Amino acid sequence: MQVFKGIKIVNGIAIGKIKIYKVPVYEIKEDLISDIAGELDRFEAARVKVQDQQNALAEQEVKDGREETAGIFEAHALMLDDDDLIDSCKELIGEGHTAEFAVRKGFEAAAEMFRNMDDPYFQARSADVIDLKNSMLDVLFGNDTESLQGKEPAILVAEDMAPSETVKLDKSLLLGLVTRLGSSNSHTAILARSMNLPTLIQCPDIADDWDGKFAILDGYNSCIYIEPEQEIIDKLTAKQKEDREKEAKLQELKGKPSVTKDGQKVRLYANIGGPKDINAVIENDAEGVGLFRSEFVYLNSKTDPSEDEQFAAYKKVLEALAPRLVIIRTCDIGADKTIDYMNLDKEDNPALGFRAVRICLSRPDFFKRQLRALLRASAFGNLGIMFPMIISKWEVQECKKILNECKEELVKEGVAIGKYEIGIMIETPAAALCADDLAEEVDFFSLGTNDLTQYTCAIDRQSANLERFADTHHPAVLRLIRETIEAGHRHNTWVGICGELGADPTLTETFLSMGVDELSVNPKSILPLRGNVRNVDLSGVKKNNNPEPKSESEVKEVKSEVKSEPAKGFWGRLFS
Ligand code: PEP
Ligand code: MG
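Counting from 16, one number per residue, gives the positions in the sequence shown under our numbering.
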């Protein structure tokens with residue numbers, strides 16, 4: 016038996032075989048070959064195989080009711096019949112190059128040609144060609160990409176996972192996740208929490224020879240046992256059973272109100288990534304959706320999703336969850352969430368760069384496609400539209416202006432539009448400090464504590480090396496949260512928290528004391544959080560839950576009262 020340490024993301028036990036997840040890096044030889052006929056046959060066999068794969072994917076999409084995305088795979092299959100593309104590769108092979116070399120050169124040249132076209136539709140096709148190139152190389156190198164994850168349930172072990180890789184995983188086969196890199200605030204960690212998936216990051220000792228071995232991931236003790244002894248197997252199997260029983264007990268909280276012992280209500284909403292999470296919202300009795308990360312609709316798509324594709328996704332969620340409020344955040348691409356077809360420049364500091372609303376306001380046609388889709392979907396449920404990464408009032412005003420233009424266009428086209436609320440993420444210190452000003456523009460605020468912590472503490476949320484310095488309970492962050500809630504309430508703007516901190520049980524009482532109106536957390540955290548809320552008694556704690564605007568003297572009074580009477584939990588840190 017061997018034991019290796021890491022940093023746990025989710026408490027829990029995973030028991031099963033290990034699968035090493037390794038994205039292949041192909042070394043393509045430049046040497047010339049003599050068997051040209053044999054190489055042409057290899058190329059042709061790969062082309063036919065990839066074409067079959069694409070047709071099979073299209074059929075599967077149709078079967079799963081996703082006609083919109085089936086078209087992408089059908090188009091891929093057709094591209095593989097393109098005479099120019101085939102001839103350019105065959106010509107290179109005829110000159111004595113390997114099939115791998117010819118595919119890389121031929122497909123990259125075709126992608127470049129698309130990229131240089133004026134029409135954005137054709138520009139976006141370059142990503143399809145690159146995708147096909149990778150599939151061709153997988154086949155030529157004998158790497159079946161499905162085998163990256165395997166076909167059996169397993170604990171996946173990887174160097175790191177990009178959001179674009181995690182979204183493609185078959186979640187039903189994931190028992191647990193271990194990575195050498197990663198940080199506790201990364202989107203992969205967020206995904207792990209949302210699935211309640213036992214996960215270890217920063218496990219420096221992962222090794223290729225773990226592949227196929229029996230293991231137990233023990234999230235409680237932040238370690239993984241490779242080929243554990245019987246005593247450990249028995250102990251941790253019993254712990255896993257106990258966890259499952261506890262989870263079953265949580266079901267008793269379904270349908271019960273999220274209210275403290277002294278009667279303060281809070282709305283418990285869910286964070287989701289798309290229509291596939293609808294069941295999780297319902298099963299976990301979420302009262303609404305506080306954050307639909309719409310960028311996952313983009314990450315899940317091989318090409319820039321059309322207005323109709325987006326409309327279909329938003330409508331599905333709104334309709335299924337009505338009359339619950341569903342807050343859809345406009346596309347928050349950039350930083351760690353990169354997409355080939357967006358053709359974004361590489362930046363030195365991507366977290367401080369061209370992301371989210373900055374992209375949307377710079378590419379109005381791209382933004383309008385999403386806003387039109389959202390407005391059309393508003394007729395089918397109770398919608399909230401939320402803009403991310405705001406720092407200035409003019410950005411909110413410009414977003415609203417473009418939204419109104421879309422609305423006018425749709426009204427002219429005779430399209431029905433429902434009611435909707437407008438909100439912004441408060442995830443930059445600038446927004447938190449200007450919350451009074453920003454509140455005049457919106458119906459709600461949602462505190463994105465993941466980025467707010469990153470930007471307040473100057474701690475890159477992706478960095479594995481900074482884990483020791485990252486303090487998610489930093490008093491500066493807590494103070495910005497409290498001041499944002501107070502500012503929102505002064506202007507009748509309700510305030511929620513949709514960052515990971517919202518699910519932190521050690522902060523539930525603190526946030527309720529601050530008067531937070533809503534906590535939006537991963538669906539699996541809803542019922543445990545409801546249990547926490549119902550155990551809180553704030554009768555001895557000064558509360559700030561008055562959404563009516565206060566006069567300045569009243570505000571001063573509340574602040575000084577709290578100062579002279581420090582309350583429980585984190586209040587001491589906040590006011591010290
Ligand atoms: C946040 O920053 O807290 C947030 C909820 O957004 P994301 O994690 O997607 O950046
Ligand atoms: Mg954010």
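Here a beta-carbon is modelled for each residue, glycine too, at the ideal position from N, C-alpha and C. None of these values were measured; they are calculated from a predicted model.
With H, G and I counted as helix, E and B as strand and the rest as coil, what does DSSP make of LYS352? Working through the sequence shown from its first residue, we reach residue 352 at position 337. Reduced to three states, the DSSP call for LYS352 is strand.
What is the DSSP secondary structure of ASN507, counted as helix, strand or coil? Indexing the sequence shown from 1 puts residue 507 at position 492. Coil, per DSSP.
Within the structure, which residues are defined as neighbours of the ligand MG by a Cβ-heavy atom distance below 5 Å, reported in chain order? This selection yields GLU442, GLY463, ASP466.
Going residue by residue through the segment 225–287, where are the continuous beta strand (DSSP E) segments of at least 3 residues, counting only ones entirely within it? Counting whole runs of 3 or more residues, the segment 225–287 contains the beta strand (DSSP E) stretches 229–233, 238–241, 282–287.
So is LEU589 buried or exposed if we call it buried at 16+ other beta carbons inside 10 Å? Against the sequence shown, residue 589 aligns to sequence position 574. For LEU589, the predicted structure reports a pLDDT of 39, less than 50, and the residue's modelled location is therefore unreliable. A value from the coordinates is still provided. By the 10 Å Cβ count, LEU589 comes out buried.
Compute every distance between the C-beta of GLY289 and the non-hydrogen atoms of the ligand PEP, then say whether any falls below 7 Å. The residue labelled residue 289 in the question sits at position 274 within the sequence shown. Distances between the C-beta of GLY289 and the heavy atoms of the ligand PEP are all 7 Å or more.
Rounded separation between VAL296 and GLU267 - CA only: For the purposes of this step, residue 296 is taken as the residue at position 281 of the sequence shown. For the purposes of this step, residue 267 is taken as the residue at position 252 of the sequence shown. C-alpha separation (whole angstroms): 16 Å.
Among the residues of its own chain, which have a CB less than 8 Å from the CB of ASP115, if the five just before and after it don't count? Taking the sequence shown and counting its residues from 1, one reaches residue 115 at position 100. A quick correction: the sequence has Glu, not Asp, at residue 115. Once the five neighbours on either side are set aside, the close Cβ partners of GLU115 are TYR41, ILE43, LYS44, LEU152, LEU155, PHE156.
Taking a contact to mean a Cβ-Cβ separation below 8 Å, would you say PHE402 touches CYS421 in this structure? By 1-based counting over the sequence shown, the position of residue 402 is 387. By 1-based counting over the sequence shown, the position of residue 421 is 406. One thing to note: PHE402 has its Cβ no nearer than 8 Å to the Cβ of CYS421.
Considering only C-alpha positions, which residue in the set TYR470, ALA73, MET128 is nearest to ALA366? Numbered from its first residue, the sequence shown carries residue 366 at position 351. Just measuring C-alpha positions, the residue of TYR470, ALA73, MET128 sitting nearest ALA366 is TYR470.
Just to confirm the assignment, what range does the alpha helix (DSSP H) spanning TYR36 have? As a first step, residue 36 must be located in the sequence shown, where it is residue number 21. It is not in any alpha helix (DSSP H) - TYR36 carries neither H nor E in the DSSP assignment.
Across which residues does DSSP place GLU533 in a beta bridge pair? Numbered from 1 along the sequence shown, position 518 holds the residue referred to as residue 533. GLU533 pairs with ARG282, GLY511.
To which residues does DSSP link LEU495 through a beta bridge? As a first step, residue 495 must be located in the sequence shown, where it is residue number 480. DSSP output for LEU495 lists no bridge partner at all.
Which parts of the segment 433–459 are runs of the alpha helix (DSSP H), unbroken and 4 residues or longer, counting only runs that do not cross its ends? DSSP runs (the alpha helix (DSSP H)) wholly in the segment 433–459: 444–448, 450–454.
Who are the Cβ neighbours of LYS166 in its own chain at under 8 Å, not counting the five residues just before and after it? Reading the sequence shown from its first residue, position 151 is the one you call residue 166. Answer for LYS166: LEU188, listed in chain order.
DSSP-derived helix/strand/coil call for LEU196: In the sequence shown, residue 196 corresponds to position 181, counting from 1. Coil.
Report yes or no: do three or more beta-carbon pairs, one from the segment 20–38 and one from the segment 190–206, lie closer than 8 Å? Counting Cβ pairs under 8 Å, three or more are found: they touch.
With GLY305 and TYR284 assumed to form a contact (beta carbons below 8 Å), what rounded beta-carbon distance in angstroms separates them? Translated into positions along the sequence shown, residue 305 becomes position 290. Translated into positions along the sequence shown, residue 284 becomes position 269. That pair is a contact at about 3 Å.
How many angstroms separate the CA atom of SER526 from the CA atom of ASP143? Translated into the one-based positions of the sequence shown, residue 526 becomes position 511. Translated into the one-based positions of the sequence shown, residue 143 becomes position 128. In the sequence as presented, Ser is not what sits at residue 526; that position holds Phe. Put simply, the backbone Cα of PHE526 is about 46 Å away from that of ASP143.
Cα separation between GLY234 and ASP292? Sequence index remark: in the sequence shown, residue 234 carries index 219 (1-based). Sequence index remark: in the sequence shown, residue 292 carries index 277 (1-based). Between the alpha carbons of GLY234 and ASP292 lies a distance of about 24 Å.
I need the straight-line Cα distance from GLN17 to TYR36, nearest angstrom please. For this step, residue 17 is matched to residue 2 along the sequence shown. For this step, residue 36 is matched to residue 21 along the sequence shown. Cα to Cα, the separation comes out at about 20 Å.
What residues in its chain sit with their C-beta under 7 Å from that of LEU184, if we drop five residues either side in the sequence? Within the sequence shown, residue 184 is the residue found at index 169, counting from 1. Cβ-Cβ distances below 7 Å link LEU184 to GLN164 in the same chain, with the five nearest sequence neighbours on each side left out; the list follows chain order.
Could you pull out every residue in the same chain whose Cβ sits closer than 6 Å to the Cβ of THR194, ignoring the five residues on either side in sequence? Along the sequence shown, one-based indexing puts residue 194 at 179. So the list reads ALA173, ASP175, ILE216, once near-sequence residues are dropped.
Measuring straight from C-alpha to C-alpha, what distance separates VAL372 and LEU462? Looking up residue 372 in the sequence shown gives position 357. Looking up residue 462 in the sequence shown gives position 447. Cα-Cα distance, rounded: 16 Å.
Look at the alpha carbon of ILE410 and the alpha carbon of GLY555, and state the distance between them as a whole number of angstroms. Residue mapping note: residue 410 aligns to position 395 of the sequence shown, counting from 1. Residue mapping note: residue 555 aligns to position 540 of the sequence shown, counting from 1. According to the sequence as given, residue 410 is Glu; it is not Ile. A direct Cα-Cα distance of roughly 41 Å separates GLU410 from GLY555.
Please state if the CB of ILE437 and the CB of ASP458 are separated by a distance shorter than 8 Å. Locating residue 458 in the sequence shown gives position 443, where the first residue counts as 1. Locating residue 437 in the sequence shown gives position 422, where the first residue counts as 1. For ASP458 and ILE437, yes; Cβs fall inside 8 Å.
Going by the C-beta, is ILE51 closer than 7 Å to any heavy atom of the ligand PEP? Your numbering for residue 51 matches position 36 in the sequence shown. Short note on ILE51: C-beta not closer than 7 Å to any heavy atom of the ligand PEP.
DSSP three-state label for ALA301, please. Residue mapping note: residue 301 aligns to position 286 of the sequence shown, counting from 1. The answer is coil: DSSP assigns ALA301 none of H, G, I, E or B.
Can the beta-carbon of ILE441 be found closer than 8 Å to that of GLY399? By one-based count along the sequence shown, residue 441 stands at place 426. By one-based count along the sequence shown, residue 399 stands at place 384. Against a cut-off of 8 Å, the Cβ pair of GLY399 and ILE441 comes out as no contact.
Measure the CB-CB distance between ALA447 and LEU516 and report whether it falls below 8 Å. Walking along the sequence shown from the start, residue 447 turns up at place 432. Walking along the sequence shown from the start, residue 516 turns up at place 501. In this structure, LEU516 does not lie closer than 8 Å to ALA447 by Cβ.
Near ALA450, which residues of its chain fall below 6 Å by C-beta distance, leaving aside the five closest residues on each side in sequence? For this step, residue 450 is matched to residue 435 along the sequence shown. Its chain contains THR499, ALA502 as the residues whose beta carbon lies nearer than 6 Å to that of ALA450, once the 5 sequence neighbours on both sides are disregarded; these appear in chain order.
What does the alpha-carbon distance come out to for the pair LEU592 and HIS504? This structure does not reach residue 592, given that the chain is present from 16 up to 591, and the question cannot be answered.
With a threshold of 7 Å, establish whether the CB of LEU367 neighbours any heavy atom of the ligand PEP. Mapped onto the sequence shown, residue 367 falls at position 352. In this structure, LEU367 has its CB at a distance of at least 7 Å from all heavy atoms of the ligand PEP.
Rounded C-alpha distance that separates ASP250 from HIS91: On the sequence shown, residue 250 is found 235 positions in, with the first residue counted as 1. On the sequence shown, residue 91 is found 76 positions in, with the first residue counted as 1. Checking the sequence shown, residue 250 turns out to be Lys, not Asp. Whole-angstrom Cα-Cα distance: 50 Å.
Got a sec, what are the start and stop residues for the beta strand (DSSP E) MET128 sits in? Residue mapping note: residue 128 aligns to position 113 of the sequence shown, counting from 1. Careful: MET128 lies outside any beta strand (DSSP E), inside the alpha helix (DSSP H) at 114–130.
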